[in-house]
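Using our numbering, the letters of the sequence shown correspond one by one to residues -9 to 176. These notes concern the structure reproduced below.
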Amino acid sequence: MKTELASLDVVRVETVLSRFPIHWLARKGNIPIELREEDGCGAATLVWHVSHNSEHGQPGPLGYKIDTLVVNRKLDEAGRPTPRVLRLGSLTDICRELGLADSGANRADIKRALYQNAFAAITAKIRYKAIDGTRKSVEFGTTRYTVVMTGETLPDGRRADAVYILLHDLYREVLDSAPVRPLDYD
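This is the structure we're talking about:
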């Protein structure tokens, strides 16, 4: 008896930062994203706090989908070392990847969600085991990336032919040293 295995649409994601929430997924209200663990003496052993920009708002379900289905896939395809500049595609391409109709409203929603993701400030103190087996700790306050829209200037002087993100150095450092795990998007 011959059986065919279904192909899996697997994308590998890092296992350090992806354990912590960034996006507000509740339907109502504004829930703070803040985690803190302390040792027996009251010293912080883990801190994870996400604050949003009041103009753009808190990253929500659409931002989560963009990070999960678009950004993580592009990061996996790019491999390691993680590039500083990552091409996501046009807003129309992103609509298609998310299974949304290509409309002005959906493109505007995606643009807003990209800005919400970009302006989500993370204050963190975390420890993790790197892929080389060493124990690492990092304490920082930053965002993960900058968004560059089509037509704007990239760091190398080129004009952006699509939407790009510029990954911040500490974020890239963790991405490059963290173990990965597979996710099946189907």
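Positions of the beta carbon are idealized from the N, C-alpha and C atoms, including for glycine.
Contacts around residue i, its chain only, beta-carbon distance under 7 Å, and the 5 residues preceding and following it disregarded
i           : result
residue 167 : 120, 121, 126
residue 109 : 42, 43, 46, 133
residue 105 : 46, 137
Simplified DSSP state of residue i, which is helix, strand or coil
i          : result
residue 17 : coil
residue 51 : helix
residue 12 : coil
residue 41 : strand
When the options are compared against residue i, the one with the closest alpha-carbon
i           : options          : result
residue 102 : 157, 56, 28, 159 : 56
residue 117 : 30, 16, 37       : 37
residue 49  : 15, 115, 88      : 15
residue 7   : 51, 33, 105, 39  : 39
Short Cβ contact (8 Å threshold) for residue i with residue j
i           : j           : result
residue 141 : residue 149 : yes
residue 4   : residue 128 : no
residue 100 : residue 132 : no
residue 70  : residue 157 : no
Same chain, Cβ closer than 6 Å to residue i, neighbours up to 5 away in sequence not counted
i           : result
residue 90  : 96
residue 169 : 5, 121
Extent of the continuous alpha helix (DSSP H) run through residue i
i           : result
residue 113 : Run containing residue 113: none in the alpha helix (DSSP H); it sits in the beta strand (DSSP E), 111 to 119.
N-terminal and C-terminal residue of the beta strand (DSSP E) that residue i is part of
i          : result
residue 58 : Segment: none, residue 58 is in no beta strand (DSSP E) and carries neither H nor E.
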